[in-house]
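Structure record follows, encoded as structure tokens.
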Amino acid sequence: MLEMFRADLHLHTCLSPCADETMVPLAIVREAKKKGLDVVGICDHNSTRNVKAVRRAGQREGLSVIGGVEITTAEEVHILALFDQQSDLDKMQQLIDQNLGGENNPELFGEQYVCDENGLIVGREMQLLIGATELRVEDVVANIHNFGGLAIASHVDRERFSLISQLGFVPERLQIDALEVSPLHSVSQAADQLPQIRNYPLVSFSDAHQLEEIGRVFTTFTGVSPSVRELGKALGGKDGREVMN
28 MLEMFRADLH
38 LHTCLSPCAD
48 ETMVPLAIVR
58 EAKKKGLDVV
68 GICDHNSTRN
78 VKAVRRAGQR
88 EGLSVIGGVE
98 ITTAEEVHIL
108 ALFDQQSDLD
118 KMQQLIDQNL
128 GGENNPELFG
138 EQYVCDENGL
148 IVGREMQLLI
158 GATELRVEDV
168 VANIHNFGGL
178 AIASHVDRER
188 FSLISQLGFV
198 PERLQIDALE
208 VSPLHSVSQA
218 ADQLPQIRNY
228 PLVSFSDAHQ
238 LEEIGRVFTT
248 FTGVSPSVRE
258 LGKALGGKDG
268 REVMN
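Residue numbers (the working numbering): 28 to 272.
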């Protein structure tokens, strides 16, 4: 039997240097539950190191957590990669590490905290996470699919770091699973302003960098579980599943 799941699958933690230091696992999970969400996705910039901690907090509090990462391509396009299996997410991280250079300067860019599920800092990521990888858009999307994940183009309606802002268009041959509309616009507003995005499945996530931003927008999808696999079916309109914004 199909259920409805309210999903906000683009949240940053304190690992992202641009995120607030209060974005720690337990606080994120409790805020998401307070907002009535059924599932969240953790997508820090170019790193997955806080995903396991948020998953543990989610298990404790009764909230589904999807592991992911927001990858910056060589063209400075942001792509969300979402995975059901931690082992597949780890493969994606290994590829990112092989193609990302630069060292973080906390005074310039901010701290990049690794923490446990309670928010205790257990380390700092010294690689600069907000830099671009050497991977081109097509390679990022292809590898996400090779590792069993979904590829969603981040905030396509924004003037920076989106497919359209960086490339000027959505490449026809790009096997992208969906396009994300930012909280700046409703999905219908974005589609009116950017008619080309009407040809793709559309989702709306918060891109939260602060606790109060969690759940400010979300996408509802139907399925048998709040998983990446079921979301993929919903994006494709398969087996009676659908996406609602």
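In this text, a Cβ means the ideal position worked out from N, Cα and C, and glycines have one as well. These numbers were taken from a predicted model, which means no experiment stands behind them.
Residue i versus residue j: straight-line alpha-carbon distance, rounded
| i | j | result |
| --- | --- | --- |
| Ala34 | Gln223 | 24 angstroms |
| Arg256 | Glu152 | 30 angstroms |
| Ile55 | Ile241 | 8 angstroms |
| Gly150 | Asp111 | 25 angstroms |
| Ala101 | Ser189 | 12 angstroms |
| Ile123 | Glu186 | 24 angstroms |
| Gly267 | Pro228 | 15 angstroms |
| Ala180 | Ile148 | 31 angstroms |
| Gly146 | Pro52 | 6 angstroms |
| Gly63 | Lys79 | 22 angstroms |
| Gly263 | Asp204 | 8 angstroms |
| Leu90 | Arg76 | 19 angstroms |
| Gln216 | Ala235 | 20 angstroms |
| Val141 | Val270 | 33 angstroms |
| Leu221 | Val183 | 9 angstroms |
| Val208 | Ala178 | 14 angstroms |
Closest Cα partner of residue i within the set the options
| i | options | result |
| --- | --- | --- |
| Val96 | Phe32, Glu88, Val167 | Val167 |
| Gly176 | Gln202, Gly85, Leu221 | Gln202 |
| Arg87 | Ala46, Glu144, Leu116 | Glu144 |
| Thr49 | Leu238, Glu199, Val104 | Leu238 |
| Met119 | Ser74, His182, Leu147 | Ser74 |
| Arg200 | Val183, Gln220, Asn226 | Asn226 |
| Glu58 | Val141, Ala218, Gly85 | Gly85 |
| Leu155 | Asn170, Phe174, Ile179, Glu130 | Glu130 |
| Ile106 | Leu162, Leu262, Cys41 | Leu162 |
| Gln125 | Val141, His39, Gly137, Ile98 | Ile98 |
| Ile171 | Leu38, Gly137, Val270, Gly94 | Gly94 |
| Leu116 | Asn173, Gly137, Lys60, Val214 | Asn173 |
| Leu38 | Leu206, Val92, Met28 | Val92 |
Environment of residue i [buried if 16+ CB atoms lie within 10 Å]
| i | result |
| --- | --- |
| Cys70 | buried |
| Val197 | buried |
| Gln139 | buried |
| Gly260 | In the sequence on display, residue 260 carries Lys and not Gly. Lys260 comes out buried. |
| Thr132 | Residue 132 is actually Asn in this sequence, not Thr. Exposed, because fewer than 16 other Cβ atoms sit within 10 Å of the Cβ of Asn132. |
| Leu258 | buried |
| Leu135 | exposed |
| Phe41 | The question names Phe, yet the displayed sequence has Cys at residue 41. Classification for Cys41: buried. |
| Asp219 | exposed |
| Glu30 | exposed |
| Cys45 | exposed |
| Ser43 | buried |
| Gly68 | buried |
Nonlocal neighbours in the same chain, by C-beta distance under 6 angstroms from residue i, ignoring five residues either side
| i | result |
| --- | --- |
| Val244 | Pro210, Ser231, Ser233 |
| Val104 | Val164, Leu190, Gln193 |
| Leu127 | Asn73, Thr160 |
Beta-ladder partner(s) of residue i, from DSSP
| i | result |
| --- | --- |
| Glu97 | His72, Leu107 |
| Val92 | Val67 |
| Leu206 | Ala180, Leu229 |
| Leu127 | None; Leu127 has no bridge partner. |
| Arg151 | Tyr140 |
| Val270 | Phe248 |
| Glu199 | In DSSP, Glu199 forms no bridge with anything. |
| Glu30 | Gly250 |
Own chain residues within Cβ distance below 7 angstroms of residue i, not counting five before or after
| i | result |
| --- | --- |
| Phe32 | Asp65, Val66, Thr247, Phe248, Gly250, Pro253 |
Residues of its chain near residue i, where Cβ-Cβ distance is below 8 angstroms and the 5 sequence neighbours each way are ignored
| i | result |
| --- | --- |
| Gly158 | Asn73, Thr99, Leu127, Gly128, Gly129 |
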